[in-house]
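Just so you know, the sequences run in chain order A and B.
The working numbering runs 232 ahead of the 1-based position in the first sequence.
The working numbering runs 567 ahead of the 1-based position in the second sequence.
Glycine included, each C-beta is placed from N, C-alpha and C at the ideal position.
These figures come from a predicted structure and were not determined experimentally.
Please read the structure below before turning to the comments.
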Amino acid sequence: MNHTISVLVENEFGVLSRVAALFSARGFNIDSINAAPTNEEGITRITIVTKGDEGILEQIVKQLNKLIDTIKVVDFSDGSSIEREMALIKVTAEDNNRAEVLRIVDIFRAKIIDVTAKSYTIEATGDPQKIDAILELLRPLGLKELVRTGAVAIGRGAKGWRG
Amino acid sequence: MKMNGARILLECLKKEGVDTVFGYPGGTVINIYDELFHFKDIKHILPRHEQAGTHAADGYARVTGKVGVMIATSGPGATNTVTGIATAYMDSIPMVIVTGQVPTALIGNDAFQEVDIIGMTRSCTKHNYLIRDVRDIAATVKKAFYLARSGRPGPILIDLPKDVQIATAEFDYPEIVEIRGYKPTYSGHPRQVEKAVNMMLGSQRPVLYVGGGVVLSNAAEELNQLAHRLSIPVTTTLMGLGAFPGHDELSLGMLGMHGAYCANMAMTHSDLIIAAGARFDDRVTAKISTFAPHAKIIHIDVDPASIKKNVRVDLPIVGDVRDVFIKMVKQLDKHAAKADEMVENLKPWLEEIAAWKTKQPLEYVQGKNTIKPQYVIEKLRELSDEDAIVSTDVGQNQMWTAQFFQFRKPRTFLSSGGLGTMGYGLPAAMGAQAAFPDRQVIAICGDGGVQMNIQEMATLVQNRLPVKLVIINNNFLGMVRQWQELFFNKNYSQTCLELPIDYIKLAEAYGAKGFLATKPEEVEDVIRKGFSEKGPVIMEFKVAREEKVLPMVPSGASLNEMVCNA
């Protein structure tokens, strides 16, 4: 079972190392990890997608909370959140394939951000399942390079992470 | 007042109530040592290895309840502290370790004696800090001490580059420091406490399972009140020894892999386990799927991450153990009649336990020719002071001490439980003696572990620390040999420590005294002589070579499937 967890941490030297080290030291897996500043000074948000059952998830959340630099852990597993991911996809596209690529890009409301005679580079945003879907369609046409950001998430409704 | 970073550090330590530090000089801490030279308010003890200094700070912290302090230089000095830090981390001991670091401009450059100690100790410290600005020293030290001693205690490392020690700033010790991400819960929720008390009053075979947390929380008296109020039997982990008096009628002794038969049986047949300041470690639970099959579990712990980590918990109570015990006793006062009734109702359970004690007591046979290690421990107990402090090393010596010494007061037993660090016994005793110069401090070690920090004999003599070092010598790496005997066809691979060492000569080489017993009738005499020496002593006992620690719960077996005779 995939879980998306956001940890809001003090932007202290080495804090990302601490969080990542926690996962590896305890044998929790990291499918993807994303870190960036928030609108509050000195606070960084680290978003991790991990796998595990309920028991493992509970331990992950508790261990993250135990870190001194952690201000809050937000567990997005209960469904009341929006998840998004961005992918930059370079596909080889020659002659007969070029039109097909454009059709797929259009269907997924993605964007072409670079073009050569032999390739297109596509920017796609959406929830992780949408990204997986566009990739599945583009794969047979020839994926040259794939860059994914990993999922980030935000809660639905008017409240922020502080309440 | 303006002063350099090194002096600021010392002034901060003084503000935190530190009067004793352990440490070893070097290039990146020479400025601190220069300031220390004139700093009258802190006593410094120089070990002969940074690992020993760290264990000494650990032993100091365990016996006093204060934060132990160790100072080491960068590079190899810092890496030498890692074992000691991990030891303290596993047992939740409050410590602050200050390591020197190369100047900030050289960090990351593979400079001379540079290591990324912050990276190395990330997973074995409660938290660590690298200070880059002299103006941050005061607040960082304050945070370090606060973190070290609060919530679930632990070691904090501060890495202090040389140029930061040399730079100057105004010394201004903050009144308060705020750590946004750290708000430990001390107060047990009253509703949870109420539920717990109801569960206790409804149980028929309850057991109190207590660990190091009861010692750290200074809750021995409250535990005693609670246990006796309802007549609930008490078993302690290795870390909890002394939290409940070993000679008390309700005491089951230690449980777990080498615990007493009655303790393990009580846990297995219990219908309610009240766990306090203990973490259901694998040495205690044995096979988890068959652990305490009939029991509901109440788990009291200040660290929420410890709860439900290994076993299912029916009623978690996050909070300081002492606080929760006080609340429980108060709650019981409201149900005085039911409580009294329970004391009556538990009689059959206590009889069942007494039967287990009689069926399989902790025993050994002391013959005429060879000294049994358990006999030495019992004699030490008999002849030692009422308030003696005992440290152990790791292995058979540790287990026999835990089984046979019978600790009655908290903060009198020092042992590396979580990490099981050989070489801990002697330096930990050293730290304890530094804290209490007038109390009797005994270090019980095996012939394996004692060699790992034997150089501390020099520290003992130089600082007049009259530690009594007992060596239980079976010329084997005992515990490993036991496993090789039971499970590996007696293939004693690399566990024979046959070389005879003249420990009397060794003691005298350092300026101490040594005594040797090779026959049972010499044991008492050696102990008396050793104890009456004014300075540090080595007392060596050549014991039976292939004695086993029993009972034993083998790997993969359930807690009640103990091997009692082998």
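Can you tell me which of the three DSSP states residue i falls into?
i: residue 1027/B; result: helix
i: residue 757/B; result: helix
i: residue 263/A; result: coil
i: residue 316/A; result: strand
i: residue 617/B; result: helix
i: residue 930/B; result: coil
i: residue 734/B; result: coil
i: residue 579/B; result: helix
i: residue 603/B; result: helix
i: residue 893/B; result: helix
i: residue 643/B; result: helix
i: residue 1065/B; result: coil
i: residue 256/A; result: helix
i: residue 1075/B; result: helix
i: residue 343/A; result: strand
i: residue 964/B; result: helix
i: residue 918/B; result: helix
i: residue 627/B; result: helix
i: residue 633/B; result: coil
i: residue 848/B; result: coil
Which residues in chain A sit within 8 Å of residue i, going by Cβ to Cβ distance?
i: residue 689/B; result: 246, 249, 250, 253
Using the beta-carbon of each residue, which ones in chain B are nearer than 7 Å to residue i?
i: residue 365/A; result: The premise fails here: residue 365/A is roughly 37 Å from chain B at the closest Cβ pair, so nothing lies under 7 Å.
i: residue 242/A; result: 747, 748
i: residue 257/A; result: 690
So with CB distances below 7 Å, who are the chain A contacts of residue i?
i: residue 694/B; result: 300
i: residue 985/B; result: Per Cβ cutoff of 7 Å: no residues; residue 985/B is ~15 Å from chain A at best.
Would you mind reading off the limits of the alpha helix (DSSP H) that contains residue i?
i: residue 909/B; result: 903-912
i: residue 836/B; result: 828-836
i: residue 364/A; result: 360-374
i: residue 941/B; result: 940-950
i: residue 286/A; result: 286-298
i: residue 797/B; result: 787-797
i: residue 1099/B; result: 1087-1099
i: residue 332/A; result: 328-339
i: residue 705/B; result: 704-716
i: residue 685/B; result: 684-688
Where does the unbroken beta strand (DSSP E) through residue i begin, and where does it stop?
i: residue 568/B; result: Where residue 568/B is concerned, there is no enclosing beta strand (DSSP E), given that its DSSP letter is neither H nor E.
i: residue 773/B; result: 773-777
i: residue 304/A; result: 302-307
i: residue 610/B; result: 610-612
i: residue 884/B; result: 882-885
i: residue 864/B; result: 863-868
i: residue 959/B; result: 956-959
i: residue 662/B; result: 662-668
i: residue 821/B; result: 818-821
i: residue 993/B; result: Looking at the DSSP string, residue 993/B is not in any beta strand (DSSP E); the run it does join, the alpha helix (DSSP H), is 992-1002.
Report the neighbours of residue i on chain A: residues whose CB is nearer than 9 Å to its CB, in chain order.
i: residue 871/B; result: 294, 297, 298
i: residue 780/B; result: Ordered by position in chain A, no residue passes the 9 Å Cβ test against residue 780/B, which lies about 15 Å from the chain.
i: residue 875/B; result: 287, 290, 291, 294
i: residue 686/B; result: 246, 249, 253
Please work out which residues of its chain come closer than 6 Å, Cβ to Cβ, to residue i, disregarding the five sequence neighbours upstream and downstream, and give them in chain order.
i: residue 979/B; result: 809, 956
i: residue 1011/B; result: 959, 964, 968, 1037
i: residue 990/B; result: 1016, 1019, 1020
i: residue 334/A; result: none
i: residue 341/A; result: none
i: residue 619/B; result: 994, 1020, 1023
i: residue 612/B; result: 589, 1001, 1030
Using a C-beta to C-beta distance shorter than 9 Å, which residues of chain B count as neighbours of residue i?
i: residue 265/A; result: Residues of chain B passing the Cβ test: none, with the nearest at roughly 16 Å.
Residue i versus chain B: which residues are under 8 Å apart at the beta carbon?
i: residue 303/A; result: 747, 748
i: residue 383/A; result: What residue 383/A touches in chain B: nothing, since even the nearest Cβ is about 23 Å away.
So, for residue i: in the same chain, excluding its five sequence neighbours on each side, which residues have a beta-carbon less than 7 Å away from its beta-carbon?
i: residue 1097/B; result: 1035, 1082, 1104, 1106
i: residue 631/B; result: 1002
Suppose the cutoff is 8 Å on Cβ atoms and the five residues either side in sequence are ignored; what does the same chain contact list for residue i look like?
i: residue 882/B; result: 759, 762, 763, 766, 863, 864, 865, 866
i: residue 1057/B; result: 1051
i: residue 569/B; result: 735, 736, 737, 738
Of the residues that make up the region 276-292 of chain A, which ones have a beta carbon closer than 9 Å to any beta carbon in chain B?
-> Of all residues in the region 276-292 of chain A, only 287, 290, 291 place a beta-carbon less than 9 Å from a beta-carbon of chain B.
Quick one, which residues of the region 697-715 of chain B are near chain A if we go by CB-CB under 9 Å, in chain order?
-> For the region 697-715 of chain B, which is checked against every Cβ of chain A, the residues closer than 9 Å are 697, 699, 710, 714.
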